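So the sequence lines, in the order shown, correspond to chains H and C.
When we follow the working numbering, the leftmost residue of the first sequence carries the number 2, and every step to the right adds one.
When we follow the working numbering, the leftmost residue of the second sequence carries the number 196, and every step to the right adds one.
Worksheet: the structure to be examined is printed underneath.
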Amino acid sequence: MELFLQSIINSFIQGGFFALWAVGLVLVFGVMGVVNFAHGELVMVGAYTIWLLHSQYGMGYIPALGMAILLVLLIGLFMERFLFRPKREDPLGGLINSIGVLFILQVAALIVGGTGPAKQVAPPFSGTLIIEEIVRVPYQRLFSIAVCIAALSLLWFFLTKTKLGWSLRAVALDREAAALQGININRTSMIAIGVSGALAGLAGALMAPISNIYPHMGHNVIITAFIVTIVGGIGSLPGAVFASVLYAFLHTFITAYFSGTIATMSGLLIMVLVLIVKPTGIMGRRISE
Amino acid sequence: MAKTPPAVFQQRFSRRRFLGTTIAGMGAALTASMPRISVADAKTVKIGMNIPMTGDYAPWGLPGLYGCEIIANNLNAAGGVEIGGDKYMIEMASYDHGYDTEKSVQGFKKLVLEDDVKMVMMLGGSTVASIIPWAMRKKMLTTTLLPSDITPDTPYLVATCESHPLYNVTGVEWLAEKNPDLKTAVIITTNDIEYGKQSAATYKAAFEVAGIDVLDTNFHGFDVVDFAPIVSSLLAKKPDIFCMATDVYTTPIIEQLFHQGYEGKIVSCTCDGYPDVIAKTSKEFVEGLVFQFPDFDDPKLVGGDVNFPDPGGFDAAFNKDHAGEWSAVAWEYPSILLNWVESAQAAGSIEPTEVLQAMKSDESPAHTFGPGKWWGAALWGLDNAVIGDWPVVAINDGRARIQEFRSVYNWCETNVAELSKQMKDLDLRVA
């Protein structure tokens, strides 16, 4: 029973991270039509920023978290303006550019952090919440899940209740029709990648105190984000969130009761099944030419 | 009217003599400032390192190069090493294969054919396997940190320093002797053959010999982003000992043990980043954590049978220039370099086959932590690994400190059958 209850808590925490990783990827793909392979590396930059500013230079965790969001947001804006916009009519070009950014950011991390063992950040919120000696949740993870929920709620509010959010959704639905309605595509793309970058920076900053930080940590992020995005429905934000929680539960419980390797294989298997049975994903929609 | 200088003075300081004296003096001053060995006498011997310096495996490559450079600089500053009546300066030649087998072959050939190195040091695993056919044909002296790379067909491949993962047995043996009440253990490790499974099999054998039941062994991939589910699953077995057989994820795993309220003993293959572990948990939580790799400023490394010159000075020099990049290989590759120097001096030659012959003819070769013995035929089919004593390290009051040195060789000689059985159970190659 202890393991079962602990696994439920572990699933929710993992689900929060998966959702943060995935929605940024979905947003950029939906609005800009670009598969941003460097998304995992943007998360990595967020984590390195916390390591550098908080652990090495003593900046407070919250200001460092703000700096991580800002830095990754700026990298995202740079990518949109100079790498994705010139290749807007060439999705393959954008994809290749993003792979280039992936390598550049990995090397930059190596230069900043050096080699040696993975970097570590001491959790700013120490201690553990113990419920009836059965379930234990570190305060750092509680903080992370609270911030994840807040960030995703803000995103939902932004997309559904503000004009800018509506314009983002309109461009995601049909870029040409949106442009004909007077929506500025360039500005909308900048907002999309800005939000995506900010979420990636936030995810990295939240992960930093609870995981290994190393230049290639983005690999696992992007693989999980792709699984979740495809299962949820490419381009569907609610689908990405739903699939994140679903995948987190599946992965956590299979890991706890069988093995992590079987859990990862199961995730990939489900992705393949979804592609065969319902290629649009759980909440995706079919687009007719 | 100006005084005319005396004739003798005029003669002594004529312009020609002045110029001649000045040039000669400058020449003498320059000569005096040069190293004691004249340029004509200085020969150079290159030692190769075909290692990962970028990528996931970089922590087991680059720190070793830094360490070798410190040792080579020290030897060169002392005038070089005398081999066969000649003085040699040591130069390190390196190639970054990024733990890619094709690049490993490329790098190995480059080091041998272009740089003319006399020995190639490598990490081990698939990158060694890929170079074996060519290296053995070339009779190139090659070293690995994974003695499991040795087969009957690798006569020029030796493991003279790290005996991964055989040294792990000493930690379990020591812990069981000090705590006879410990009866159960769980093991967590990566699911690769080269490091994770070898280490898990060794720990299983050590626990079996010590009379401790292994309740569960978790093999995980390199894609784990959150260890909470795995740790929850293993702790549900209520083990007395939690054993980490590989070190890549030591810190997040111990952090989870801390948060999930584990109160038993912790054993780890390595724990290079233990200050980070303490920062994420507490000094009290990690008290008594047992692992196998000492800090090099440990007082017990001074004197005795330890074959490493000034470990404390080496540790300080490394951390001065490369703080935060220390891993066990920082001293392991230098230790192999020192083995080579000793064997080359014994051989009176720098040629790979002659140096190897001198190495193998030494019945009690110098191992980092004392005299060793050539071993391995019973497990890998060839006695090409030097195995001797290895330290048992435990964290005491926030510092990693050597508890005692124990004989890996004696354990292996006594328990090789159990070790072979555990290796076979995990489908690992044994002779």
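No residue lacks a Cβ here, since even glycine has one placed at the ideal position from N, Cα and C.
Since the structure is predicted, the reported quantities are computational estimates derived from the model, not experimental observations.
- C-beta neighbour in chain H for G256(C), strict 9 Å: yes
- Message: If we define contact as Cβ-Cβ less than 9 Å, is V196(H) a contact residue for chain C?
- Response: no
- Is the Cβ of V625(C) closer than 9 Å to any Cβ of chain H? no
- Give the straight-line distance between the Cα atoms of R212(C) and V113(H), rounded to the nearest whole angstrom. With a pLDDT of 42 at R212(C), under the threshold of 50, the modelled position of that residue is not reliable, and no figure is offered here.
- Message: For M229(C), count the other beta carbons within 10 Å of its own beta carbon; 16 or more makes it buried, fewer makes it exposed. Which is it?
- Response: In this predicted model, M229(C) has a pLDDT of only 45, less than 50, meaning its place in the structure is not dependable enough to derive any value.
- Item | Secondary structure, beta strand (DSSP E): runs of 3+ residues fully inside the stretch 441–466 of chain C | 460–463
- For S245(H), three-class secondary structure by DSSP: helix
- Buried or exposed by the 16-neighbour rule on C-beta atoms within 10 Å, applied to F158(H): exposed
- Task: Ignore the nearest five residues each way along the sequence and tell me which others in T322(C)'s own chain have a CB closer than 7 Å to its CB.
- Result: H292, Y294, T296, S299
- Query: Along the chain, where does the alpha helix (DSSP H) that runs through F159(H) open and close?
  - Reply: 140–162
- Message: Just to confirm the assignment, what range does the alpha helix (DSSP H) spanning S602(C) have?
- Response: Taken as a continuous stretch (DSSP letters only), S602(C) belongs to no alpha helix (DSSP H), being part of the beta strand (DSSP E) at 594–602.
- Classify C438(C) as helix, strand or coil using the three-state DSSP reduction. strand
- Item | Contacts of H217(H) in chain C (Cβ-Cβ under 8 Å) | G250, D251
- chain C partners of L200(H), CB-CB under 9 Å? The contacting residues do not exist; L200(H) stays about 17 Å from chain C at best.
- Run through DSSP, which three-state label would G565(C) get? strand
- How would you label A224(C), buried or exposed, when you count the other beta carbons within 10 angstroms and need 16 or more for buried? The predicted model places A224(C) with a pLDDT of 43, which falls under 50 and marks its position as unreliable, so this point remains unresolved.
- Hey, is the stretch 272–288 of chain C in contact with the stretch 234–254 of chain C, meaning 3+ C-beta pairs nearer than 8 Å? yes
- Query: Between the beta-carbon of L6(H) and the beta-carbon of L238(H), is there less than 9 Å?
  - Reply: no
- Task: Could you spell out the range, first to last residue, of the beta strand (DSSP E) harbouring E277(C)?
- Result: 276–278
- Task: Label R601(C) either buried or exposed according to how many other C-beta atoms from any shown protein chain fall within 10 Å of its C-beta, with 16 as the threshold for buried.
- Result: buried
- Cα separation between G259(C) and E527(C)? 7 Å
- Which term fits P210(H), buried or exposed, when burial requires 16 or more other beta carbons within 10 angstroms of its beta carbon? buried
- Message: If we define contact as Cβ-Cβ less than 9 Å, is P547(C) a contact residue for chain H?
- Response: no
- Task: Could you say if the stretch 115–124 of chain H and the stretch 516–527 of chain C meet the contact criterion of at least three C-beta pairs nearer than 8 Å?
- Result: yes
- Residue ranges of each alpha helix (DSSP H) run of no fewer than 4 residues wholly in the stretch 257–282 of chain H, ordered along the chain? 261–278
- Query: When you check each C-beta in the stretch 110–132 of chain H against every C-beta of chain C, which residues fall closer than 8 Å?
  - Reply: L111, G115, T116, G117, P118, A119, Q121, A123, P124, T129, I131
- Does S321(C) have its Cβ less than 9 Å from a Cβ in chain H? no
- Give the interface partners of S428(C) over in chain H, defined as CB-CB distance under 8 Å, in chain order. L4, T256, A257, Y258
- Should T385(C) go down as buried or exposed, given a rule of 16 or more other Cβ atoms within 10 Å for buried? buried
- Message: Nearest by alpha-carbon distance to M218(H): which of A244(H), V46(H), L66(H), S245(H) is it?
- Response: V46(H)
- Item | CB contact check: P210(H) to chain C, cutoff 9 Å | yes
- Item | Buried or exposed by the 16-neighbour rule on C-beta atoms within 10 Å, applied to I214(H) | buried
- Message: Determine, for L21(H), whether the minimum Cβ-Cβ distance to residues of chain C falls below 9 Å.
- Response: no
- Task: From the DSSP output, in three-state form, read off Y283(C) for me.
- Result: strand
- Task: Ignoring anything shorter than 3 residues or poking outside the stretch 319–371 of chain C, list the beta strand (DSSP E) runs there in chain order.
- Result: none
- With 8 Å as the C-beta to C-beta threshold (strictly closer), list the residues of the stretch 516–541 of chain C near chain H in chain order. H517, G519, E520, W521, S522
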